[in-house]
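One structure is given below, encoded as structure tokens.
Residue numbers (the UniProt record's numbering): 1 to 108.
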């Protein structure tokens, strides 16, 4: 996995500049990076939550998963399971408050 550093942005536009000289144009930009995103976005409606997921190794192709449907338990905490195109199973859920901003990020 690699990362791209964002060197700048134009306010009120969805245009970002990378350290490698590329420009990203998009209708919407989603920061899926954790607590740091709130410093960039500065959206008072943004809420930082933690979610968990695990993935299996690739499973045998003969393992049946009806029409690649997603399984979703809507109780709280929620739980979901789905099959990936490369025959893994992802299981995850439980949105919970991180408290990063309230507690600081001392454990990093």
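Heads up, the beta-carbon is just placed ideally off N, CA and C, and yes, glycines get one too. Treat the numbers as computed from the prediction; the structure is a model and nothing was measured.
Quick one: using the 10 Å Cβ neighbour count with 16 as the cut-off for buried, is residue i buried or exposed?
| i | result |
| --- | --- |
| residue 64 | exposed |
What would DSSP say about residue i, mapped onto helix, strand or coil?
| i | result |
| --- | --- |
| residue 86 | coil |
| residue 66 | helix |
| residue 15 | strand |
| residue 55 | strand |
| residue 95 | strand |
| residue 23 | strand |
Return the chain-ordered list of same chain residues with a C-beta closer than 6 angstroms to the C-beta of residue i, the five sequence neighbours on each side being excluded.
| i | result |
| --- | --- |
| residue 23 | 17 |
Please work out which residues of its chain come closer than 8 angstroms, Cβ to Cβ, to residue i, disregarding the five sequence neighbours upstream and downstream, and give them in chain order.
| i | result |
| --- | --- |
| residue 25 | 14, 15 |
| residue 84 | 55, 90 |
| residue 58 | 86, 87, 88 |
Are the CB atoms of residue j and residue i within a distance shorter than 9 angstroms?
| i | j | result |
| --- | --- | --- |
| residue 19 | residue 50 | no |
| residue 55 | residue 88 | yes |
| residue 71 | residue 60 | no |
Residue i: beta carbon under 8 angstroms from a heavy atom of the ligand GTP?
| i | result |
| --- | --- |
| residue 78 | In terms of ligand content, the structure shown is empty, and the ligand GTP therefore cannot be addressed. |
Do you know whose CA, among the options, lies nearest residue i's CA?
| i | options | result |
| --- | --- | --- |
| residue 75 | 60, 59, 93, 84 | 93 |
| residue 86 | 21, 68, 27 | 68 |
Could you pull out every residue in the same chain whose Cβ sits closer than 7 angstroms to the Cβ of residue i, ignoring the five residues on either side in sequence?
| i | result |
| --- | --- |
| residue 66 | none |
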